[in-house]
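Student: In the working numbering, the protein residues as written are 12 to 229.
Take this structure, written in structure tokens, and hold onto it; I'll ask about it next.
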């Protein structure tokens with residue numbers, strides 16, 4: 012069986028899209044820009060807050076200083092509204108409990124900035140023994156750069172053949188490929204299954220209970 016499962020956070024463990032949309036639209040309004048319908052936000056997320064805010068701005072307003080101003084307002088709001096609408100996906104708590112009961116090690120590797128990554132995991136999964144929770148930090152490239160996976164493996168040295176990486180996007184599948192670990196793409200997140208296939212997901216699952224058999228077999 013696999014000994015370590017690394018999970019993406021947004022769109023994989025937690026449905027965060029409404030709170031991300033609310034914070035982004037708040038920042039856009041405060042800075043005098045048009046907002047977006049919540050249903051459009053899955054196309055904006057996946058590469059970190061900086062890229063999210065760049066994408067939601069009008070094309071002629073994407074200067075670095077404007078993105079930085081928007082980000083300041085976004086983070087001030089989002090840090091106070093992390094839990095307004097965010098919830099674990101159905102079946103995720105049960106999956107994590109099943110993995111932990113079998114002594115499978117758990118980790119998170121997210122493009123969300125570190126402080127809120129840690130807070131969300133602690134809030135929604137307080138009893139889960141995650142051995143590493145990594146978000147975006149200074150000097151660590153965003154996924155699909157594989158550095159975040161290598162950092163997890165530094166925290167908990169594990170042969171790559173014993174690792175599964177679970178995510179909902181092409182960014183995640185590319186991260187796993189570059190890190191040379193096996194990938195699982197989930198269809199309940201923010202990206203379409205066609206994207207998972209295009210980025211060569213090694214497995215595609217439609218519910219969390221389909222992940223456990225993949226962990227238990229080699």
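Backbone N, C-alpha and C fix where the C-beta goes; we use that ideal spot for every residue, glycine too.
(1) On the CB-based measure, 16 or more other CB atoms within 10 Å of its CB, does residue 164 come out buried or exposed?
(2) Taking 6 Å as the limit between beta carbons, can you name the residues of its chain near residue 183, skipping five residues before and five after?
(3) Taking the CB atoms as reference points, tell me whether residue 143 and residue 167 lie closer together than 8 Å.
(4) To the nearest angstrom, report how far apart residue 232 and residue 14 are at their CA atoms.
(5) Buried or exposed for residue 52, please, with buried defined as at least 16 other CB atoms from any protein chain shown within 10 angstroms of its CB.
(6) Could you name each continuous beta strand (DSSP E) segment of 3 residues or more that falls completely within the segment 83-141, going from the start of the chain to the end?
(7) Classify residue 227: buried if its beta carbon has 16 or more other beta carbons within 10 angstroms, exposed otherwise.
(8) Let me make sure I understand the geometry here. Which of 134, 152, 195, 174 has the alpha-carbon closest to that of residue 93?
(9) Just mark residue 157 as buried or exposed, buried being the case when its beta carbon has 16 or more other beta carbons within 10 Å.
(10) Do residue 212 and residue 159 have their CB atoms nearer than 8 Å?
(11) Return the chain-ordered ranges of every beta strand (DSSP E) run that is complete within the segment 163-229 and spans a minimum of 3 residues.
(12) Using the C-alpha atoms, what's the distance from residue 181 back to residue 62?
(13) Which of the three DSSP states, helix, strand or coil, is assigned to residue 153?
(14) Am I right that residue 190 and residue 210 are in contact with their C-beta atoms under 8 Å? What's the rounded C-beta distance?
(15) Rounded to the nearest angstrom, how far is the Cβ of residue 60 from that of residue 39, given a contact under 8 Å?
(16) Can you tell me whether residue 23 is buried or exposed? The criterion is at least 16 other CB atoms within 10 Å of its CB, across all chains shown.
Tutor: Well, looking at it:
(1) buried
(2) 19
(3) yes
(4) With the chain represented from 12 up to 229, any question about residue 232 goes unanswered, as that position is not in the structure.
(5) buried
(6) 116-124
(7) exposed
(8) 134
(9) buried
(10) no
(11) 174-178, 193-197, 214-216
(12) 15 Å
(13) coil
(14) So it is not a contact: roughly 13 Å between Cβ atoms.
(15) Incorrect: roughly 14 Å between the Cβ atoms, too far for contact.
(16) buried
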